[in-house]
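Participant: A single structure is presented below for examination.
Protein chains: 2
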Amino acid sequence: MFNLRWADEGGFPASDRGAAYGDGLFETIRMHGDRGVLLSRHLDRMVRDAGRLDIPVSLTKLREACTAAASRYSGSFMNSEMDCGWVLKLILTRGEGGRGYRPGLGGRPTLMVSAGHLPEMPLSTGVAVDFSRVPLMVNPLLVGIKSLNRLEQVLAAREIQGSLYEVIMSDSAANLVEGTRTNLLLKVPGGWVTPPVKSLAVAGVLRQWLLERLRARGELVDERAMGIGDVLGGHCQGLYLLNSVIGVVPVRSLAGQDLPVDGGLATIFNPLELLE
Amino acid sequence: MFNLRWADEGGFPASDRGAAYGDGLFETIRMHGDRGVLLSRHLDRMVRDAGRLDIPVSLTKLREACTAAASRYSGSFMNSEMDCGWVLKLILTRGEGGRGYRPGLGGRPTLMVSAGHLPEMPLSTGVAVDFSRVPLMVNPLLVGIKSLNRLEQVLAAREIQGSLYEVIMSDSAANLVEGTRTNLLLKVPGGWVTPPVKSLAVAGVLRQWLLERLRARGELVDERAMGIGDVLGGHCQGLYLLNSVIGVVPVRSLAGQDLPVDGGLATIFNPLELLE
């Protein structure tokens, strides 16, 4: 089991392995009142990825913590935001102990819980994005894990200036992989393209939900490496950024080049229909 | 300037970017009483690498913090350790603020200062090491920076079991790069080989000091990619692990294969002669 901590009551000791080495992971969950959007998928991902890092955590206890968090925080956001919306943030670390990088045996993880305001939502007419100059390097053992090692994303996010909404990071083979806080989905004739999970720094819950939804409607989704030519060539029928708190965001221009915008996909994801 | 925090008085708020994203860096400095081994090199590295991350920090203020730390903590380690030895740990983070990954403008960094015991020192007759199964992937923008993103090293350190002292991590081209907490130096006929800085996750201060020292003695040091064949082939005259707190550690066996051990190099580094 973990030590449950409320961010408003105190922080991490300097010796917590999360603070010392980024030895942990996190989730940010869009809440409306006391319910969360795609909540089960967020918690399932945290349990699965904690298992990959060998940080023991129980799904049941995690759910209980979310229930307690909703009862503790949701009142603060009543009437203050669209549909009583807020963001629940869970940081799960390996806790204290060990010798240097080497974790101790039987250490007790820390679950740090905090609440924040919803971010400003982008216009449905689409956003401007650019290519990042920060290369994305994903260790095969850490693929998809929303870990606390996010320095690459921090460096890339510093490039988001002026009217830019996001920058897209590429791997060493110049494939477009993901934004700093968003996964990518491309509309092409006959279906959709999205970079495969094995290439992703963060395997987003909205991405997975949307892929299942599209396939359930009989649409073809190709999970494959995505080059610049796929997006800026003539076959692109729309590029979308996916983030479970923000939603599905159409891209209207990439590196100054206009892209076709079709709002259809954005309407598939209605957070209020996905509350749990 | 930074906010100076003492670890014994409190920790990081959950919203500190160091705890949230590993957005910061650290140093561990071997102290004897109120003086530190290679102290200037540690502080110079922190200032230089903070600059690369655009975290503002002044060398003068960092020095003042170390002086205050020595006066605060050194008494606790009098008579309790070899030569009043202890370890000073500095964690410098970007502090709070910003929107998600994107740092805020004009944020104030946090310097968290703590003290700990010296680690157990290895036998001078040499240690047993093995190859790590965790690949090392170093982003070109983060080369050499002792950042708080250390999950790869944590995963690799979990392989250090039983009589093993360290594991050696390789890059995607199967070059041996470094241990979880040590740099590598290989003795070959006519000189020395060590992996180049551009390949390193952490560019150690002892490594740099030792290279300068060897070159000053007229010895040849080749900074180049180092393959398994270089170490397990017939030319290896000794493999050494370098860590500024632990010192120069000869390797007596690698993956079960005996290596030649010559204690000569270990005697070059006498921490008590390098106190500042």
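Sequence order for the protein chains is A and B.
Using the working numbering, read the first sequence as starting at 9 and increasing by one per residue.
Using the working numbering, read the second sequence as starting at 9 and increasing by one per residue.
Quick reminder that beta carbons are idealized off the backbone N, C-alpha and C, glycines included.
What is the rounded straight-line gap between the Cα of L219 of chain A and the Cα of V229 of chain A?
Facilitator: 7 Å
Participant: Please name the residue in A:R225, A:E128 and A:R215 whose C-alpha comes closest to that of Y173 of chain A.
Facilitator: Looking at the Cα atoms, A:E128 is the closest of the given residues.
Participant: To the nearest angstrom, how far is the alpha carbon of A27 of chain B from that of G152 of chain B?
Facilitator: 21 Å
Participant: When DSSP labels each residue in this structure, what does P117 of chain A get in the three-state scheme?
Facilitator: coil
Participant: Excluding the 5 residues preceding and the 5 following G93 of chain B in the sequence, name in chain order all residues of the same chain whose CB lies nearer than 6 Å to its CB.
Facilitator: H40 and L126
Participant: Determine the contact status of G241 of chain A and F277 of chain A, defining contact as a CB-CB distance below 8 Å.
Facilitator: no
Participant: Quick check on the burial criterion: 16 or more other C-beta atoms within 10 angstroms. Buried or exposed for S171 of chain A?
Facilitator: exposed
Participant: What number of angstroms, rounded off, separates the C-alpha of D16 of chain A from the C-alpha of V201 of chain A?
Facilitator: Here the C-alpha atom of D16 of chain A lies approximately 42 Å from the C-alpha atom of V201 of chain A.
Participant: What are the start and end residues of each continuous beta strand (DSSP E) run of 3 or more residues lying completely inside the stretch 78-111 of chain B, in chain order?
Facilitator: 93-101
Participant: Mapping the DSSP letters down to three states, classify M54 of chain B as helix, strand or coil.
Facilitator: helix
Participant: Under three-state DSSP, which class holds K195 of chain A?
Facilitator: strand
Participant: Checking contacts by CB at 8 Å: is L163 of chain A closer than that to chain B?
Facilitator: Taking Cβ atoms only, chain B reaches closer than 8 Å to L163 of chain A, which makes this a yes.
Participant: Residues of chain D with CB under 8 Å from A15 of chain A, in chain order?
Facilitator: The structure shown contains no chain D; the protein chains it does contain are A and B.
Participant: Where do the ends of the beta strand (DSSP E) carrying E186 of chain A lie?
Facilitator: L184 to G187
Participant: Any beta-carbon of chain A closer than 8 Å to the one on V263 of chain B?
Facilitator: Inspection of the sequence shows that residue 263 of chain B is occupied by Ala rather than by Val. Not closer than 8 Å to any Cβ of chain A, the Cβ of A263 of chain B fails to qualify, so no.
Participant: When you compare each of B:V137, B:G199 and B:Y109 to L222 of chain B by their alpha carbons, which one comes out closest?
Facilitator: B:G199
Participant: Would you mind telling me which residues of chain B sit closer than 7 Å to A123 of chain A, beta carbon to beta carbon, in chain order?
Facilitator: By Cβ distance, chain B contributes nothing, its closest Cβ being about 11 Å from A123 of chain A, past 7 Å.
Participant: Give the straight-line distance between the Cα atoms of Q216 of chain B and S207 of chain B, rounded to the nearest whole angstrom.
Facilitator: 14 Å
Participant: Alpha carbons only, please: which of B:A274, B:L159 and B:L149 is nearest the one belonging to S180 of chain A?
Facilitator: Taking only the C-alpha atoms, the option nearest S180 of chain A is B:L149.
Participant: Locate the beta strand (DSSP E) running through V210 of chain A, then write down its first and last residues.
Facilitator: Element bounds for V210 of chain A: n/a, residue is neither H nor E.
Participant: Any beta carbon of chain A sitting closer than 8 Å to that of D91 of chain B?
Facilitator: For D91 of chain B, the answer is no, since every Cβ of chain A falls outside 8 Å of its Cβ.
Participant: Which bits of chain B does D57 of chain A rub up against, with CB to CB less than 9 Å?
Facilitator: By Cβ distance, chain B contributes nothing, its closest Cβ being about 11 Å from D57 of chain A, past 9 Å.
Participant: Please look up how many angstroms separate the CB atoms of L119 of chain B and R13 of chain B, rounded, as I've assumed it's under 8 Å.
Facilitator: 7 Å
Participant: Report, in whole angstroms, the separation of the C-beta atoms of S137 of chain A and V239 of chain A, which I expect to be a contact under 8 Å.
Facilitator: First, the residue type needs correcting, since residue 137 of chain A is Val and not Ser in the sequence shown. V137 of chain A to V239 of chain A, Cβ: 10 Å. No contact.
Participant: State whether the stretch 137-146 of chain A contacts the stretch 110-124 of chain A, with contact taken as three or more CB pairs (one from each stretch) at a distance under 8 Å.
Facilitator: no
Participant: If I follow the unbroken beta strand (DSSP E) through T36 of chain A, where does it start and stop?
Facilitator: In this chain, the beta strand (DSSP E) harbouring T36 of chain A covers G32 to H40.
Participant: So, with DSSP's three-state summary, where would you put D238 of chain B?
Facilitator: helix
Participant: Please classify D68 of chain B: is it buried, with 16 or more other beta-carbons within 10 angstroms of its beta-carbon, or exposed?
Facilitator: Going by the sequence as given, residue 68 of chain B is Thr instead of Asp. With fewer than 16 Cβ atoms within 10 Å of its Cβ, T68 of chain B is classed as exposed.
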